[in-house]
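Numbering (the numbering used here), first residue to last: 39 to 269.
All C-beta atoms, glycine included, are put in the ideal place defined by N, C-alpha and C.
Taking it in order: structure first as structure tokens, then the write-up.
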Ligand code: ATP
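Laid out in structure tokens, this is it:
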């Protein structure tokens, strides 16, 4: 497997939906272990960027690599290093939480996953409901399970689309070790929270209608400047 100090590199990345350029020339480098927070109003392209990096969408132009793996050539290797938490949970409603996680573990070839699954269910406060079908879960419970799923295979890179949505304050604290800075992982986070997002960022990307209108180290920006993206 390729090894590099760079978690994510995008060069001239363009993604179109028909005529619309959802991402219009993104160039960025995120170092391993660092956090990129992506801001921008609804429709700016944040989710599209995360989905391209996650290999769920292809770039139309330019290149993306994850931990040294060019997604066009080594998508499979990159995928094993990526934990994706999107707007939909990617969990099966007809299965229980334990069954969903066991299935995900099998997909990733994790041997003997039971202990890790139990630990994650405990860490996210789901252990007593782990044998219930996900169809009967509240939104916050589904989000907790989606977080378990995203980190189960111990990915180096986390792609997190508004990861704390639907979580109560206790759950936000509970999942910090899994998806927060304390996780020690490289992270790309889509956020609408200028102050909170800036706090956990090393690097900030601001998008407006697909264009990168802001790219700077977090220390050079204020929450007010990020708030301007939304005006
Ligand atoms: P939000 O803050 O609302 O989640 P976002 O910044 O994540 O928005 P995207 O979901 O990436 O924005 O959308 C970027 C642009 O691409 C929007 O103009 C959107 O309408 C368009 N788009 C996204 N998905 C599709 C699709 N499947 N088909 C056509 N257009 C799409």
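- In the DSSP annotation of this structure, the continuous segment of the beta strand (DSSP E) that includes residue 44 starts and ends at 44-55.
- Closest option to residue 61, judged by alpha-carbon separation, among 85, 75 and 70: 85.
- In the DSSP assignment, residue 255 falls outside any alpha helix (DSSP H) and within the unbroken beta strand (DSSP E) covering 249-255.
- Bounds of the alpha helix (DSSP H) holding residue 157 are 152-161.
- Under DSSP, residue 108 forms a beta bridge with 103.
- It is roughly 27 Å from the alpha-carbon of residue 191 to the alpha-carbon of residue 243.
- Straight across, the Cα-Cα distance linking residue 44 with residue 58 is about 30 Å.
- Counting only beta-carbon distances shorter than 5 Å to the non-hydrogen atoms of the ligand ATP, the qualifying residues in chain order are 55, 60, 80, 81, 82, 83, 84, 85 and 86.
- Straight-line spacing of the CA atoms in residue 42 and residue 252 works out to 25 Å.
- Assignment of residue 59 by DSSP, reduced to helix, strand and coil, places it in the strand class.
- Counting along the chain, no alpha helix (DSSP H) covers residue 71, and no H or E run does either.
- Comparing C-alpha distances from residue 171 to each of 69, 117, 98 and 134 shows the shortest one belongs to 134.
- Residue 199 carries a strand assignment under DSSP once its states are collapsed to helix, strand and coil.
- Looking only at 132, 218 and 80, the smallest Cα-Cα distance to residue 174 is reached by 132.
- Around the C-beta of residue 250, 16 or more other C-beta atoms lie within 10 Å, and the residue is accordingly described as buried.
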